[in-house]
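Protein chains in written order, with our numbering: chain A, 283 to 484; chain B, -10 to 597.
Cβ atoms here follow ideal geometry from the backbone N, Cα and C, with glycine treated the same way.
Single-structure report; data block below.
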Amino acid sequence: MLSSIPCEQCGAALQSRLFCFACSTLQHPPNTLGLYEALGLEESYSIDPPALESRFQQLVVELHPDFYTSADRREQHQSEISSALLNRAVETLRDPVSRANYLLPRLARGTPLDERRLPPGFLEEMFVLQESLDDLLDSGAPEAIGRTRTELQERHQTLLSDLPKHFRQAEAATEPEPLQALQTTLNAERYLRRLLERFPQS
Amino acid sequence: MERIIGIDLGTTNSLAATVFEEGPEVITAAGENPVTPSVLARESGRWIVGTPAQAYRLSAPEQTVFSVKRLMGCDLEELSAEQTELPYALEAAQRKLVKVRIGEERFTPQELSAEILKEVKRRAEIALGEPLHKAVITVPAYFDDAQRQATRDAAQLAGIEAARILNEPTAAAIAYGLDERKDGHVAVYDLGGGTFDISILQLSGKLFKVIATHGDTRLGGDDLDRELTELLRKRVRDQAPEADFSASGTQQRLKKAAEEIKIQLSGSPEVKYVLELPEAGLTHQGTLTREEFEAAIEPWISRTLQSCRKALGDANLAPDQIDEVVLVGGSTVVPAVRKAVAEFFGKPPHVAIDPYKVVAIGAGIQGHLLAGGRRDFLLLDVIPLALGIETLGGTFSKLISANTTIPAQATETFTTNVDHQTAIDINIYQGERELVQDCRNLGRFKLRGIPPMKAGFPLVDVTFRVDANGLLTVSAQEKRSGAEAEIEVIPSHGLTQLEIDQILEASFEHAHEDFNARQLIEFRLSAERVFRGIEQCWSVAEETLGAEERQAIEDQMAVVRKFMEGNDAMALKAQMNALGELTRPLADSAMGRAVLETLQEESASGGH
């Protein structure tokens, strides 16, 4: 679903809502503009990383405030706003977890999702692990700490590699269950990530 | 196209650069040193800035101010460590501002920095022969918002529009990148007089992207000097246990000796020195080896490497993934620093560009770009420290995290705690810690005009915007009513616009006096040079001029001397012109021509 919105200036169909490559004009989109729309990419969890990077490179050299120092104030301001949005878009969408967290509420379209629910049995397992973790971290035994960290990292990695599959189901679904299942996975991911932050940096 | 120069406003030295037809280079008049030492001396209510002010460090330390950059955007508490080693006194002023006390007068660091900027600008204008209004001014990458705002305010006070506040290591990378044009990861290690920064950049095609930065705005060459000063002090004490070091002249003499020994140790493995300390009534001599110096500064170098490790971690890179290491800042000429950096990254650092000039040159190139001169590269910088607000229980809630590419924008929604509450207090902080008490308070933000509603009902969007200078602005809107909430940010360390206006107004009142005073200083200096010139070729005068003519010259020299002690710049100028007329016959000789040329040059440049 690529944008068919015309350029404010020349009317050509825009590739990105931020800038018209046909007539090199800065656009003035509404401030509710979505991150995918800003880049002119289809709103889907699966993205092509090189395409994301090349669209970013294409846009950043057109939007950056450095190139608008002699423009009027409105254009200067717009270039700053659009650059900030572009930076946020690429930083959010580049990372698989932040991309998931951005996309899920949009897929849910206002359906409330429980941001605390965790997979069955997950919490019990984590409680046990955390209890021994406190002792483990105090003990400072590097090998045991390393082993536990590797275990948690692998679990975290498994969650991440399941995300595309979950999203394919959620994006195709009409009922809310797959969406909540996805939210639950993301909640577990956040839990594991915070736990991993407690380990000393290698 | 109006020129935008680059200014490296350093802790110890400042200089300007621009892009000439032949390429980027520092700005300097023929035969002069491009560097303006960041030193100020107060003399009869006037500022003397740069090289002439340096002499005052020994003769009148209470009237001399240096290392102003260390004071920028800081409060007295943060500066307590500095206070003990600075010969001038600091006091707390309104909000968290600090002022420097000299005699009965008090100055903000912004005003003092403005004097340095004015001098750099003045010298650049003379060298380029055109008036200048805009500059890219560099700051340490790890400067926070308060320190950046203070720098921008200093520029405004100096009559310079800061077209961009640019990070020093990034400026160096521009100078390096355009020179070398190689894609890959570059680490810029910048150890200046008073600050340390490490930045990791990714160079790909026309994009220069900073991916991580770390640093310490309280670590620099000054610290190395201090270690060496301490070493000297110990030695003197070993020899004379009763020695009294309290006179500020003694302290400045020790400091100056340490600086000189440090420079010599970069070139030779040991240095013999003689210390004359008249205020303490003693002379001390000895030998210092490079090993002794290196042992003393080792802890400081380790601290810089810790920052390097942190920056690499943030960039997700190992030291061997860095393709090139660029050294910046005068302190990187110290062999121990070079060796430690080379070992850490496992490769010899790049030293093709003069580490003293590279920051100014990069700023000059960026200025040229901003002025519309070139579009063949784009620099993407980051904010060094997270920005956020205080939330319940004094925790720091980050809206924009460190190493986010700028410009950046983030919005968070807040609400009220009490029914019919119409205002919310928001405290803005910057830092990397979990609790606000460990972060820098940037200011207080009062959100007024919220329509009275039940607690928890209003939805107030607070937006943080960081521009390409790394400077923060905050705005807010209540979503249910759509009302733009009235906002008022009270800077914690900076000057309000009103205060800037007041300082500017005061300086306009003194503008005429200031102009006369500056001319007086310049004419005095040029009269001295003329005297030296006359002495040099007096033998010619004895051969070619009669006794009467020689007497007339000597009499006129006495008149000029008398006017040099007076306060009337134009009268001094008139007497110097008369002296010029009398010495004109000397031009008939080949040897005298040089003197006359000097005289004419001086009377031409004295008119600025």
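Item, Value
"Pull the bridge partners of residue 378 of chain B from the DSSP assignment, please.", "B:386, B:417"
"Tell me whether residue 107 of chain B, by its Cβ, gets closer than 6 Å to a heavy atom of the ligand FAD.", "The ligand FAD is not part of this structure, which contains no ligands at all."
"Got a sec: is the Cβ-Cβ distance from residue 361 of chain B to anything in chain A below 7 Å?", "yes"
"Using the C-alpha atoms, what's the distance from residue 467 of chain B back to residue 372 of chain A?", "28 Å"
"Determine, for residue 398 of chain B, whether the minimum Cβ-Cβ distance to residues of chain A falls below 7 Å.", "yes"
"Using a Cβ cut-off of 8 Å, pull out every chain B residue sitting near residue 347 of chain A, in sequence order please.", "396, 456, 457"
"Against residue 152 of chain B, what residues of chain A qualify as contacts under a CB-to-CB distance less than 8 Å, listed in chain order?", "351"
"Since I believe residue 259 of chain B is in contact with residue 276 of chain B (beta carbons under 8 Å), could you give me their beta-carbon distance rounded to a whole number of angstroms?", "6 Å"
"Can you confirm whether residue 343 of chain A, when its beta carbon is compared against all beta carbons of chain B, has any partner nearer than 7 Å?", "yes"
"Assuming residue 30 of chain B and residue 16 of chain B are in contact, meaning their beta carbons sit under 8 Å apart, how far apart are those beta carbons, in whole angstroms?", "With 8 Å as the limit, residue 30 of chain B and residue 16 of chain B do not qualify as a contact, their Cβ atoms being about 24 Å apart."
"Would you call the stretch 88 to 100 of chain B and the stretch 117 to 128 of chain B in contact, with 3 or more CB pairs under 8 Å?", "no"
"Return the residue from the list B:430, B:383, B:528 that minimises the CA-CA distance to residue 67 of chain B.", "B:430"
"For residue 215 of chain B, report the span of its alpha helix (DSSP H) as first-last.", "210 to 228"
"For the beta strand (DSSP E) containing residue 467 of chain B, list its first residue and its last residue.", "461 to 467"
"In this structure, how does DSSP classify residue 302 of chain B when only helix, strand and coil are distinguished?", "helix"
"Got a sec? Which residues, its chain only, sit under 7 Å from residue 292 of chain B by beta carbon, not counting five neighbours each side?", "205, 208"
"Could you compute how far the alpha carbon of residue 188 of chain B sits from the alpha carbon of residue 93 of chain B?", "42 Å"
"Rounding to the nearest angstrom, what Cα-Cα distance links residue 432 of chain A and residue 473 of chain A in this structure?", "16 Å"
"Residue 291 of chain A bridges to which residues according to DSSP?", "Beta-bridge pairing links residue 291 of chain A to no other residue."
"Could you work out which residues of chain B lie near residue 357 of chain A, taking near to mean beta carbons separated by less than 8 Å?", "The contacting residues do not exist; residue 357 of chain A stays about 14 Å from chain B at best."
"Is it the case that the stretch 526 to 536 of chain B contacts the stretch 562 to 576 of chain B, given that we only count it when at least three CB pairs across the two stretches are under 8 Å?", "yes"
"State the CB to CB distance for the pair residue 402 of chain B and residue 413 of chain B, rounded to an integer number of angstroms; the pair is presumed to be in contact (CB under 8 Å).", "At roughly 12 Å, the Cβ-Cβ gap does not stay under 8 Å, so residue 402 of chain B and residue 413 of chain B are not in contact."
"Taking the runs of the beta strand (DSSP E) that are 3 residues or longer, which of them lie wholly in the stretch 261 to 338 of chain B?", "271 to 278, 313 to 317"
"Can you pull the chain A residues whose beta carbon is under 9 Å from the beta carbon of residue 137 of chain B, in chain order?", "Under the 9 Å cutoff, chain A gives no residues; its nearest Cβ is about 16 Å from residue 137 of chain B."
"If we ignore side chains and look at the alpha-carbon of each, how far apart do residue 173 of chain B and residue 312 of chain B end up?", "6 Å"
"Compute the Euclidean distance between the alpha carbons of residue 417 of chain A and residue 437 of chain A, then round it to the nearest angstrom.", "21 Å"
"Let me know the secondary structure DSSP gives residue 366 of chain B once reduced to three states.", "coil"
"If you follow the alpha helix (DSSP H) that residue 245 of chain B is in, where does it begin and where does it stop?", "237 to 256"
"Of all the CB atoms in chain B, is at least one closer than 7 Å to the CB of residue 362 of chain A?", "yes"
"Alpha carbon to alpha carbon, how far is residue 447 of chain A from residue 599 of chain B? Give it in angstroms, no decimals.", "Absent from the model: residue 599 of chain B. The displayed extent of chain B is -10 to 597, so no value can be given."
"Considering Cα atoms alone, identify which of B:375, B:422, B:151 is closest to residue 601 of chain B.", "Given a span of -10 to 597 for chain B in the structure shown, any question on residue 601 of chain B remains unanswerable."
"Cβ of residue 203 of chain B within 7 Å of Cβ of residue 300 of chain B?", "yes"
"Which residues, in order along the stretch 338 to 362 of chain B, keep a beta-carbon less than 7 Å from a beta-carbon of chain A?", "358, 359, 361"
"Rounded to a whole number of angstroms, what is the C-alpha to C-alpha distance between residue 336 of chain A and residue 22 of chain B?", "46 Å"
"With burial defined as no fewer than 16 other Cβ atoms inside 10 Å of the residue's Cβ, what is the status of residue 515 of chain B: buried or exposed?", "buried"
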